[in-house]
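Everything below concerns the one structure shown next.
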Amino acid sequence: MNRAAKKPRKRVRPAAGATTRGVGGSPASGGQFTIQPAQQGDIPAVAALDAGITSLDKEPHWQDLFERSNARPTGHFFVVAKSPASPDALLGFIVGEIRAWEFGSAPCGWVYALGVAPRARGIGVGEALLDAIAREFRRLGMTKMRTMVAKQDALPMMFFRAEGMMAGPYIQLERNLG
Amino acid sequence: MKLQISSQLAVFAMVELVANTDRQLTVAEIGAKYGASSHHLAKVMHVLGDAGLVRAVRGAGGGYQFSGNARRTTLLDVIELFERLGPSGQDAGAAGEGTNEGLALHAVLREIDDTVRATLGSITLATFCGLVRRRQMERSATRSSPPANPPANR
Numbered sequence: 000m001n002r003a004a005k006k007p008r009k010r011v012r013p014a015a016g017a018t019t020r021g022v023g024g025s026p027a028s029g030g031q032f033t034i035q036p037a038q039q040g041d042i043p044a045v046a047a048l049d050a051g052i053t054s055l056d057k058e059p060h061w062q063d064l065f066e067r068s069n070a071r072p073t074g075h076f077f078v079v080a081k082s083p084a085s086p087d088a089l090l091g092f093i094v095g096e097i098r099a100w101e102f103g104s105a106p107c108g109w110v111y112a113l114g115v116a117p118r119a120r121g122i123g124v125g126e127a128l129l130d131a132i133a134r135e136f137r138r139l140g141m142t143k144m145r146t147m148v149a150k151q152d153a154l155p156m157m158f159f160r161a162e163g164m165m166a167g168p169y170i171q172l173e174r175n176l177g
Numbered sequence: 000m001k002l003q004i005s006s007q008l009a010v011f012a013m014v015e016l017v018a019n020t021d022r023q024l025t026v027a028e029i030g031a032k033y034g035a036s037s038h039h040l041a042k043v044m045h046v047l048g049d050a051g052l053v054r055a056v057r058g059a060g061g062g063y064q065f066s067g068n069a070r071r072t073t074l075l076d077v078i079e080l081f082e083r084l085g086p087s088g089q090d091a092g093a094a095g096e097g098t099n100e101g102l103a104l105h106a107v108l109r110e111i112d113d114t115v116r117a118t119l120g121s122i123t124l125a126t127f128c129g130l131v132r133r134r135q136m137e138r139s140a141t142r143s144s145p146p147a148n149p150p151a152n153r
């Protein structure tokens, strides 16, 4: 059994329009999807969803993120959206954590990854996932949430903009090595 | 960065039309709000009409209606109908053309241009209208809140 699976699951509050399942109560009815903490069994589906979007298979990376989020009691979140009708079908996921003093930045919530299955787009899954993690960041005292998006990735860029996110005070710099 | 007047008017007109999909707006109505001449706005609306973003409704009560997709049309889509943003290549005959200095300067300008395009290309009209609403709420809250340090009675 996975070491992380023994840890108590963190509570994730539902976003508006979504329902919770197994995170502090019985599932409410009528929602198109549920928002809940990821479990070990969700990771292959997360990896498959991501691979379908990015064409890159990196299951060990998702497994590592999942284990890290479970190993640390607070400030790390790996959350999924599922359909109540078919609980095994993953509709989306979000991964984030609170990071402090990187690049001189005061503690803030970072969204590392967000993915929504193409068939589940346009029904508010991404918004609900982002709302859920934002609520957790806020609950832990954060006043800022950040992410990073490739300039050419129009769809995620438009999504985060529509959610009220704007350019922050940092500019990412890079150089070629070798 | 500064946009041409036509580009600014086009964005403002789009915002007004997206926010008023239940009725038509005249160029006079839009122009009155932004201090623009009807003549200039009419030219802008003509370009927007050719791009399929607005539809002219003739007759009494006529005006313009938004006919695009506010969740798919970006600020960049609108602005590029009126002006070309940034250099896509070093202009022939430009000072320093072909020199290392010219190429280095061009690389810096291209970096700025990429950021401008990425920013404008990621903000849809719907998102921009949301920004406008947020600004309205912030200003209303500022106006209605009491001053932080009320003057002392004398």
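The listed protein sequences derive, respectively, from chains A and B. Counted the way numbering that gives the first Met the number 0 counts, the first sequence spans residues 0 to 177. Counted the way numbering that gives the first Met the number 0 counts, the second sequence spans residues 0 to 153. Even for Gly, the Cβ is constructed at its ideal location relative to N, Cα and C.
List the endpoints of the continuous alpha helix (DSSP H) containing V17/B.
4–18
Given E101/A as reference, the closest of N175/A, A44/A, Q171/A once Cα atoms are compared:
Comparing alpha carbon positions, the residue from N175/A, A44/A, Q171/A closest to E101/A is Q171/A.
Is the Cβ of A131/A closer than 8 Å to any Cβ of chain B?
no
Beta carbon proximity, G34/B to chain A, threshold 8 Å
no
is_contact[D112/B, chain D] using C-beta, thresh 8 Å
In summary, chain D is missing from the structure at hand, where the protein chains are A and B.
Would a check of beta-carbon distances place G120/B closer than 8 Å to chain A?
Chain A, which has a Cβ nearer than 8 Å to the Cβ of G120/B, makes this yes.
Of the choices L154/A, L90/A, H75/A, A105/A, whose alpha-carbon is the least far from that of F136/A?
F136/A has its Cα closest to that of H75/A, out of L154/A, L90/A, H75/A, A105/A.
From E41/B to I111/B, what does the alpha carbon distance come to, in whole angstroms?
Note that residue 41/B is Ala in the sequence shown here, rather than Glu. Going by the C-alpha atoms only, they are around 32 Å apart.
What are the start and end residues of the alpha helix (DSSP H) that includes Y33/B?
26–33
Would you tell me roughly how many angstroms separate the C-alpha atoms of G61/B and F127/B, rounded to the nearest one?
In this structure, the straight-line span from the alpha carbon of G61/B to that of F127/B is close to 26 Å.
Say whether chain B places a C-beta atom closer than 8 Å to the C-beta of R145/A.
Not a single C-beta of chain B is nearer than 8 Å to the C-beta of R145/A.
Classify L139/A as helix, strand or coil using the three-state DSSP reduction.
coil
Which residue or residues does DSSP assign as beta-bridge partners of P83/A?
As far as DSSP is concerned, P83/A takes part in no beta bridge.
Starting from W109/A, follow the beta strand (DSSP E) in both directions and report where the run begins and ends.
107–115
Anyone know if the C-beta pair for A116/A and L90/A falls short of 8 Å?
yes
Residue closest to A153/A, alpha-carbon to alpha-carbon, out of N99/B, L74/B, E100/B:
L74/B
Chain B partners of R160/A, CB-CB under 8 Å?
In chain order: S121, I122, T123, T126.
Length at least 3, wholly inside the segment 29–87 of chain B: the beta strand (DSSP E) runs in chain order
Here the runs fully enclosed are 53–56, 62–65.
Below 8 Å between beta carbons: does that hold for F32/A and S82/A?
yes
Is I52/A helix, strand or coil when you go by DSSP?
Of the three classes helix, strand and coil, the one that applies to I52/A here is helix, per DSSP.
Amino acids of chain B, ordered along the chain, whose beta-carbon sits closer than 8 Å to that of A166/A:
T118
Using 8 Å for Cβ pairs, my map puts L8/B next to V43/B. What's the rounded Cβ distance?
5 Å
Have a look at Y169/A, L64/A, A44/A and flag the residue whose alpha-carbon is nearest the alpha-carbon of F77/A.
L64/A
CB V131/B to CB F81/B, shorter than 8 Å?
It is not a contact, given that the beta carbons lie outside the stated cut-off.
8 Å Cβ shell around I52/A - same chain, five flanking residues per side excluded:
G114, P117
How is E101/A classed by DSSP in three states: helix, strand or coil?
helix
Anything in the segment 62–86 of chain A with a Cβ closer than 9 Å to a Cβ of chain B? List those residues in chain order, please.
none
Got a sec? Which residues, its chain only, sit under 8 Å from M0/B by beta carbon, not counting five neighbours each side?
V115
So what's M165/A in DSSP terms, helix, strand or just coil?
coil
How many angstroms separate the CA atom of A31/B from the CA atom of H39/B?
12 Å
Within a Cβ cutoff of 7 Å, which residues of the same chain sit near T141/B, ignoring the five residues on either side of it in sequence?
So the list is empty, once near-sequence residues are dropped.
So is I97/A buried or exposed if we call it buried at 16+ other beta carbons inside 10 Å?
buried
Does any residue of chain B have a CB that is nearer than 8 Å to the CB of A153/A?
yes
Please list, in chain order, all residues of the same chain as S36/B whose beta carbon is under 7 Å from its beta carbon, the five residues on each side excluded.
G30
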